[in-house]
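If you read the sequence shown in my numbering, its first letter stands for residue 240, the second for the next number, and so on.
Beta carbons are placed, not taken as given, at the ideal position from N, Cα and C, and that holds for glycine.
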Amino acid sequence: MTGTLAPSRPGVRTGFGRLVHAEWTKFRTVRGWVIAMVAVALVTVLLGLFSAQGSHSSCGSGPVETACPAVPVGPGGEAVNDHFFFVHRSLTGDGAITVRLTSLTGIITYPPPNHDEIVPGVVPWAKAGVIVKDGTRPGSAYAALVLTGRHGVRMQHDFTGDTAGRPGGASAASPRWLRLTRSGDTLTGYESPDGTHWTEVGTAHLAGLPATAQVGLLVTSPGDLTVKQGALGGSIEQSRFTQATGVFDHVEVRGDTSGAAWSHGEVGATGTQTDWEKYHRPAGVERSGGTFTVSGSGDIAPRGSGEGIRIENTLTGAFAGMILLVIVAVLFVTAEYRRGLIRTTLLAEPRRGRVLGAKAVVIGLVTFVTGLIAAVVAVPVCTHILRANGNYVLPVSWLTELRLTAGTAALLAVAAVFALALGALFRRGVAAVTAAVVVLVLPHVLATASVLPEGAAQWLLRLTPAAAFAIQQSIPAYPQVTGHYVPQDGYYPLPPWAGLAVFCGYAALALGLAVVRLRRRDA
Numbered sequence: 240m241t242g243t244l245a246p247s248r249p250g251v252r253t254g255f256g257r258l259v260h261a262e263w264t265k266f267r268t269v270r271g272w273v274i275a276m277v278a279v280a281l282v283t284v285l286l287g288l289f290s291a292q293g294s295h296s297s298c299g300s301g302p303v304e305t306a307c308p309a310v311p312v313g314p315g316g317e318a319v320n321d322h323f324f325f326v327h328r329s330l331t332g333d334g335a336i337t338v339r340l341t342s343l344t345g346i347i348t349y350p351p352p353n354h355d356e357i358v359p360g361v362v363p364w365a366k367a368g369v370i371v372k373d374g375t376r377p378g379s380a381y382a383a384l385v386l387t388g389r390h391g392v393r394m395q396h397d398f399t400g401d402t403a404g405r406p407g408g409a410s411a412a413s414p415r416w417l418r419l420t421r422s423g424d425t426l427t428g429y430e431s432p433d434g435t436h437w438t439e440v441g442t443a444h445l446a447g448l449p450a451t452a453q454v455g456l457l458v459t460s461p462g463d464l465t466v467k468q469g470a471l472g473g474s475i476e477q478s479r480f481t482q483a484t485g486v487f488d489h490v491e492v493r494g495d496t497s498g499a500a501w502s503h504g505e506v507g508a509t510g511t512q513t514d515w516e517k518y519h520r521p522a523g524v525e526r527s528g529g530t531f532t533v534s535g536s537g538d539i540a541p542r543g544s545g546e547g548i549r550i551e552n553t554l555t556g557a558f559a560g561m562i563l564l565v566i567v568a569v570l571f572v573t574a575e576y577r578r579g580l581i582r583t584t585l586l587a588e589p590r591r592g593r594v595l596g597a598k599a600v601v602i603g604l605v606t607f608v609t610g611l612i613a614a615v616v617a618v619p620v621c622t623h624i625l626r627a628n629g630n631y632v633l634p635v636s637w638l639t640e641l642r643l644t645a646g647t648a649a650l651l652a653v654a655a656v657f658a659l660a661l662g663a664l665f666r667r668g669v670a671a672v673t674a675a676v677v678v679l680v681l682p683h684v685l686a687t688a689s690v691l692p693e694g695a696a697q698w699l700l701r702l703t704p705a706a707a708f709a710i711q712q713s714i715p716a717y718p719q720v721t722g723h724y725v726p727q728d729g730y731y732p733l734p735p736w737a738g739l740a741v742f743c744g745y746a747a748l749a750l751g752l753a754v755v756r757l758r759r760r761d762a
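See the structure below:
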């Protein structure tokens, strides 16, 4: 059997390459455009520097300033809250702790609607259960099996890991049995309704857990968070002190405890007490025979975006830089219409879509490089200034920082291509710039400035090109952590790359429509 091979077309790639080179030559020979791109980088960096330099923070009592207390950092490098009451003893090597939890109750101070009394109640993520922890230092590795206020049994570890068990609460008539076993670096949680029939909840691997760890009982209770609508839109958050109390019996520890007695203390204690703790019930433990009644407040969870400065704040200048960039990208195509040069360009390359494609490649690549340089400079320099001024910048992993810097550059590049496409569609600079700002900048401002109701703000950042700003979110939302996850606090409704993908879709659509119009109409 013989066949005929179709001849290759080596000139196709080369021809488009020549187009790209020609458009790049046009761009770099117009001094105003080059200066404008330099200005984009300078605006991005300088506005970030000015903002960082003007932000100061300090701690102290009265006129005396002191160093702010260190914020605990979890095994994954994230800032965490690690505050709970801990009844514990040492366990060397493999072993297990088993308890029966017969009650989880609590109080909430001054809840709505009247805010005038202390009421009984347990917040949804109050926790009581068993834990194995690398010592008592806040932020150290741990695995815990807990009963929560409204989310049933959970297996949690190292602040971010969370596995759901069975729903429901605990009472004397219907207790919950909890068991946490250790085998090397592996911790496994089990639950049971009767202490006989056990169901595995989850497993955690704590790399580097020392041979001797602390094992015992924990109780904690985060603040009671409520949100109400603001008079001018947006929302107002309020959080009140709460305390939880767990009653444990049938406490059994298997393994090498070396005869150590039970110890107790408040992990992550701040040294201050609320009036409730002073005059009613302080955090602590009461023991009667084999029954432990443990009370505590706080949380074991990652810190939210409102508990420090987010690293994306160092790139606030990119917003202003984007507006300048939109103008440059629009002029890159409309200037040829205004001066009549587009006819010459199309005579040299009759396939009109390729001309627009070459322009998109040039403006996209130039913008990406410009944005990347600006972000690489702004993020570390502004972060250093913020910390030197006493501010606490929430730490992130190097992968998150890389995504933030490269993602911001990509966001600017897509914005440039989008603006270029609008310029080709409208063929008028003012109309194209106005349209780009309205569909990209305005939705972001409305959604993050507490102007719109939360639902409307969330949908704006799902359906409009402004969804792309999700690429700058550095602090994730955790469903197992009490928080108000809204755009004005730095939380977007879409994952980072999904938000950018929405914008890419808009840019591709606009570019496609521009190509169709360019082919159907005279220049």
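Alpha carbon of His-503 to alpha carbon of Val-371, nearest angstrom: 14 Å
Original post:
Can you tell me whether DSSP reads His-322 as helix, strand or coil?
Top reply: coil
Worksheet item: If Leu-330 and Ala-500 are in contact, beta carbons under 8 Å, what's the gap, nearest whole angstrom?
Response: Between Ala-500 and Leu-330 the Cβ distance is about 13 Å, and since that is not below 8 Å, they are no contact.
So what does DSSP say about Thr-243, is it helix, strand or coil?
-> For Thr-243, the pLDDT reaches just 41, beneath the cut-off of 50, and the residue's location in the model is therefore unreliable, although a value from the coordinates is still provided. In this structure, Thr-243 counts as coil in the three-state DSSP scheme.
Quiz prompt | Beta-bridge partners of Ile-274, as assigned by DSSP | solution = Looking at the DSSP assignment, Ile-274 forms no beta bridge with any residue, so it has no partner.
Can you look up Gly-744 in the DSSP assignment and give me helix, strand or coil? helix
Notebook entry, point to check: Quick one: what's got a C-beta closer than 8 Å to Arg-626's C-beta in the same chain, skipping five residues either side?
Noted result: Val-632
Considering only DSSP beta bridges, list what Asp-401 is partnered with. Gln-395
Hey, quick one: how far does the beta strand (DSSP E) through Thr-513 stretch, first residue to last?
Counting along the chain, Thr-513 falls outside any beta strand (DSSP E), and DSSP gives it neither H nor E.
Q. Applying the criterion that 16 or more other CB atoms from any shown protein chain within 10 Å of the CB defines a buried residue, is Ala-749 buried or exposed?
A. buried
Confirm, please, whether the CB-CB distance from Arg-421 to Val-392 is below 9 Å.
-> no
Mind checking Phe-325: buried by the 16 CB within 10 Å criterion, or exposed? buried
- [ ] Tell me whether Lys-598 is buried or exposed, calling it buried when 16 or more other Cβ atoms sit within 10 Å of its Cβ.
- [x] buried
Tell me the rounded alpha-carbon separation between Pro-634 and Val-618. 12 Å
Looking only at its chain, what residues have a beta carbon closer than 6 Å to the beta carbon of Arg-405, apart from the 5 residues adjacent to it on each side? Gly-391 and Val-392
| query | What's the call for Pro-704, buried or exposed, on a 16-neighbour Cβ count within 10 Å? | reply | buried
Original post:
What residues in its chain sit with their C-beta under 6 Å from that of Gly-250, if we drop five residues either side in the sequence?
Top reply: In this predicted model, Gly-250 has a pLDDT of only 42, less than 50, meaning its place in the structure is not dependable enough to derive any value.
Nearest to Ile-347 by alpha carbon, out of Glu-356, Leu-340, Arg-339 and Thr-341? Glu-356
| message | If you reduce the DSSP assignment to three classes, tell me which class Leu-419 lands in. | response | strand
State buried or exposed for Trp-272, treating a residue as buried only when at least 16 other CB atoms are found within 10 Å of its CB.
buried
_From Val-741, Gly-722, Ala-747 and Pro-732, residue whose alpha carbon lies closest to that of Val-466_ = Gly-722
query: When the Cα of Thr-481 is compared with those of Val-490, Asp-514 and Leu-456, which residue comes out closest?
result: Asp-514
Checklist entry - In chain order, what residues of the same chain lie with their CB nearer than 6 Å to the CB of Gly-314, ignoring the 5 residues before and after it? => result According to the sequence shown, residue 314 is Pro rather than Gly. Excluding sequence neighbours, Pro-314 sits near Ala-380 and Asp-397.
- Query: Within 10 angstroms of its Cβ, does Gly-510 collect 16 or more other Cβ (buried), or is it exposed?
  - Reply: exposed
| Are the beta-carbon atoms belonging to Phe-266 and Val-605 less than 9 Å from one another? | yes
Q: Compute the distance between the beta-carbons of Ala-318 and Pro-541, then report whether it is under 9 Å.
A: yes
At 4 residues or longer, what runs of the alpha helix (DSSP H) sit wholly inside the segment 664–700? 668–675 and 681–687
Applying the 10 Å Cβ sphere with the 16-neighbour rule, what's the burial state of Ile-637?
The sequence given here places Trp at residue 637; Ile does not occur at that position. Flag for Trp-637 reads exposed.
Pro-541 (DSSP reduced to helix, strand or coil) | strand
Hey, would you say Val-490 sits closer than 9 Å to Val-338, going by beta carbons? yes
Assuming Leu-564 and Ala-663 form a contact by the criterion Cβ under 8 Å, report the distance between their Cβ atoms to the nearest whole angstrom.
-> Rounded, the Cβ-Cβ distance is 16 Å, inconsistent with contact.
- Message: For Ile-370, report the span of its beta strand (DSSP E) as first-last.
- Response: 366–372
Worksheet entry | Under the three-state DSSP convention, the category Phe-266 falls into | helix
Worksheet item: Quick one: does Leu-563 have its CB under 9 Å from some CB of chain B?
Response: Structure shown: chain B not included; a single protein chain is present.
**Asked** CB Ala-382 to CB Leu-343, shorter than 9 Å?
**Response** no
Note to self: Between the alpha carbons of Gln-468 and Gly-408, how many angstroms are there, rounded?
What the structure shows: 32 Å
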